[in-house]
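J.: Mapping of the sequence shown onto UniProt numbering: position 73 corresponds to residue 73, and the numbering continues sequentially without gaps. Think of the CB as a built atom: it goes at the ideal place given N, C-alpha and C, for glycine as much as any other residue. Please read all numbers here as calculations on a predicted model, not as lab measurements. Please find one structure pasted underneath; my questions will follow.
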Amino acid sequence: MFEHLEKYAGDPIFGLNEAFHRDVHPQKVNLTIGLYYDNAGCIPVLSSVRTAEQRRAQEPEPRTYLPMEGLAPYREAVQKLVFGAQHQALQAGRVATIQSVGGTGALKVGADFLHLAYPDSQIWISDPAWDNHHSIFQGAGVPTHSYAYYDPATKSLRFDQMLAELRELPPKSFVLLHPCCHNPTGVDLSPEQWLQLIPVLAEQELIPFLDMAYQGFGAGLDEDAFAVRAMADAGLVFLVANSFSKNLSLYGERCGGLSVVCATRDEADGVLGQLKAVVRRIYSSPPAHGGHITSAVLNDPQLYAAWVQEVAGMRERIAFVRKQTHEQLSAKLPSYDSSYFVKQTGMFTYTGLSSRQLLALRERHGVYIIDSGRISVPGLNTRNIAYFTDAMADVLSA
Ligand code: LMR
1 MFEHLEKYAG
11 DPIFGLNEAF
21 HRDVHPQKVN
31 LTIGLYYDNA
41 GCIPVLSSVR
51 TAEQRRAQEP
61 EPRTYLPMEG
71 LAPYREAVQK
81 LVFGAQHQAL
91 QAGRVATIQS
101 VGGTGALKVG
111 ADFLHLAYPD
121 SQIWISDPAW
131 DNHHSIFQGA
141 GVPTHSYAYY
151 DPATKSLRFD
161 QMLAELRELP
171 PKSFVLLHPC
181 CHNPTGVDLS
191 PEQWLQLIPV
201 LAEQELIPFL
211 DMAYQGFGAG
221 LDEDAFAVRA
231 MADAGLVFLV
241 ANSFSKNLSL
251 YGERCGGLSV
261 VCATRDEADG
271 VLGQLKAVVR
281 RIYSSPPAHG
291 GHITSAVLND
301 PQLYAAWVQE
311 VAGMRERIAF
321 VRKQTHEQLS
331 AKLPSYDSSY
341 FVKQTGMFTY
351 TGLSSRQLLA
361 LRERHGVYII
371 DSGRISVPGL
381 NTRNIAYFTD
391 AMADVLSA
């Protein structure tokens, strides 16, 4: 009955992560999936999260359904974190926010919603992209295209070309943007570049969809939301997906948010209704446990303060590892320019390594990097950086 279906080739990120776990190499290094590991190579359970879970365990509540749009205090906390507590768009009531099933769930609900609102519109996504962006929008019936973003020759942003291409798009096209910690390149727009881009989006009547999966891992929780807040200040109508997978280390609990910034409170009320209708069709209501824990951490002043410190710790460790890697590579291979390790920010670095070099790293050294050459930096730590930089020097000098 189903023989006619194509075989699923597997996901390039999850697939290689699974291959890593099967490998018996004693010094293997996992730089595949975007997971934050601590310096001991473990995925942390944040102390703020642990406290919230202990408190909840002491007062067990019935496991009833959450509303389609999620918990009210969770949604308010998402708004404050993403837009800043005092933002005029929040005070005007023109932001519709739902609790989502991770960042990916927010993208899916947003994609279905956009397709419903503008069935003839298409989406433009950065080149290179997080592959799943294309899959999610195609799955929602939205044709996908690329806009120029990263220049492999200079390992930096093609900003002028990006602007020029976006200026040519038909009105009401959707544009996928990363406010911080671009996945997969680690190359972001500067605040000045965002301020140049925003009028182009407005003049062309484009509908931006911001994917903020790594808030706090770039320059800081507020700093990383610069583009979101600048767009809301400029009066644009747009969508923002945010995720707590990384910054609360709650991957499997599937906690995220989707916010639609509208022109008026009335419009936002209507949009919230449509988002609920989309949710009801896909999964009915979001998961409760992670929702309660996230809400507890974000709404309790002490837990929130502790969490902000924990996010800073993760961000600083990533920056430290980037610096160490750059220094060691410069010493081991002076002819190789590894400055991209410190120029790029957030979880990911785009190495530009060839398929042959990536294969050699995997087969000779047990170092796993996905086929695009993207490294998930927190897979490095003080115990494996020297091994990793030796392996890099080996394949780069071959
Ligand atoms: C990644 O890019 O590795 C992460 O966002 C995990 C995922 O879902 O792909």
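#1: Which one of Asp112, Ala288, Ile375 and Asp233 has the shortest CA to CA distance from Ala92?
#2: For Gln204, collect the residues of the same chain with a Cβ closer than 8 Å to its Cβ; drop the 5 residues on either side in sequence, then sort them by chain order.
#3: Identify which residue in Val142, Pro128, Thr154 and Phe137 has its Cα closest to the Cα of Ala148.
#4: Check for me: the beta strand (DSSP E) holding Ala241 runs from which residue to which?
#5: Are Tyr283 and Tyr150 touching if we call contact CB-CB under 8 Å?
#6: Threshold first: 4 residues or longer. Then list the alpha helix (DSSP H) segments lying entirely within the segment 315 to 372, N to C.
#7: Is the beta carbon of Ile385 sitting closer than 8 Å to the one on Gln328?
#8: Among the candidates Met68, Trp307, Arg94 and Gly41, whose CA atom is the shortest distance from the CA of Gly270?
#9: In the DSSP assignment, what residue or residues form a beta bridge with Asn99?
#10: Count the other CB atoms, across all protein chains shown, that sit within 10 Å of the CB of Gln99; report buried if there are 16 or more and exposed otherwise.
#11: Hey, out of Ala263, Arg254, Lys28 and Phe217, whose CA is closest to Asn183's CA?
#12: Rounded to whole angstroms, what is the Cα-Cα separation between Ala153 and Gln324?
#13: If the criterion is Cβ atoms closer than 8 Å, does the pair Tyr368 and Leu16 meet it?
#14: Is it the case that the Cβ atoms of Phe20 and Asn30 are separated by a distance below 8 Å?
#15: Identify every run of the alpha helix (DSSP H) within the segment 110 to 140, keeping only runs that are complete inside it and at least 4 residues long; order them along the chain.
#16: Near Ala9, what residues of its chain come up, given a Cβ to Cβ distance below 7 Å and the 5 sequence neighbours on each side ignored?
#17: Buried or exposed for His145, please, with buried defined as at least 16 other CB atoms from any protein chain shown within 10 angstroms of its CB.
#18: Spell out the partners DSSP gives Pro208 in its beta bridges.
#19: So, helix, strand or coil for His292, using DSSP?
#20: Counting Cβ pairs closer than 8 Å, one from the segment 279 to 299 and one from the segment 75 to 87, do we hit at least three?
#21: So who's on the other strand from His87, going by DSSP bridges?
#22: What number of angstroms, rounded off, separates the C-alpha of Arg229 from the C-alpha of Thr64?
#23: What are the residues that DSSP puts in a beta bridge with Ile33?
#24: Just to confirm, is the Cβ distance from Leu239 to Ala227 under 8 Å?
#25: Would you mind giving the Cβ-Cβ distance between Tyr251 and Met347, rounded to the nearest angstrom? I have them listed as a contact below 8 Å.
#26: By how many angstroms is the C-alpha of Thr51 removed from the C-alpha of Ala57?
#27: To which residues does DSSP link Leu157 through a beta bridge?
#28: Please determine whether the Cβ atom of Thr97 lies at a distance below 7 Å from any heavy atom of ligand 1.
#29: Can you pull the DSSP bridge partners for Ser376?
#30: Note down, in chain order, each residue of its chain lying with its Cβ closer than 7 Å to the Cβ of Gly300, except the 5 sequence neighbours on either side.
#31: Using 7 Å as the cut-off, classify the Cβ of Gly34 as near or not near the heavy atoms of ligand 1, replying yes or no.
#32: Counting Cβ pairs closer than 8 Å, one from the segment 67 to 74 and one from the segment 264 to 281, do we hit at least three?
#33: Starting from Val24, trace the alpha helix (DSSP H) in both directions and tell me its first and last residue.
#34: Can you give me the C-alpha to C-alpha distance between Ser330 and Val377, rounded to a whole angstrom?
#35: Can you tell me whether DSSP reads Thr144 as helix, strand or coil?
#36: Please return the same chain residues whose Cβ sits closer than 6 Å to the Cβ of Lys155, not counting the five positions on each side in sequence.
T.: This is what the structure gives:
#1: Asp233
#2: Leu166, Arg167, Leu169, Pro171 and Ser173
#3: Pro128
#4: Phe238 to Ser243
#5: no
#6: 340 to 343 and 355 to 365
#7: In this structure, Gln328 lies closer than 8 Å to Ile385 by Cβ.
#8: When only C-alpha atoms are compared, the closest one is Arg94.
#9: One point to set straight first is that residue 99 is Gln, not Asn, in the sequence displayed. Note: Gln99 sits in a beta bridge opposite Gly257.
#10: Buried, by the Cβ-count rule.
#11: Phe217
#12: 24 Å
#13: yes
#14: Yes, these two residues count as a Cβ contact at 8 Å.
#15: The alpha helix (DSSP H) runs lying completely inside the segment 110 to 140 and spanning 4 residues or more are 131 to 139, given in chain order.
#16: none
#17: exposed
#18: Val175
#19: His292 falls in the helix class under three-state DSSP.
#20: yes
#21: DSSP links His87 through a beta bridge to no other residue.
#22: 35 Å
#23: BP columns for Ile33 are empty, so no partner.
#24: no
#25: The beta-carbon separation of Tyr251 and Met347, rounded to 13 Å, does not stay under the 8 Å limit for a contact.
#26: 10 Å
#27: The beta-bridge partner set that DSSP reports for Leu157 consists of Tyr150.
#28: False, no ligand heavy atom lies under 7 Å from that Cβ.
#29: Phe348
#30: The sequence shown places Asp at residue 300, not Gly. Once the five neighbours on either side are set aside, Asp300 has no close Cβ partner at all.
#31: yes
#32: yes
#33: Looking at the DSSP string, Val24 is not in any alpha helix (DSSP H), and its letter there is neither H nor E.
#34: Straight through space, the alpha carbons of Val377 and Ser330 are spaced by roughly 17 Å.
#35: strand
#36: Tyr340
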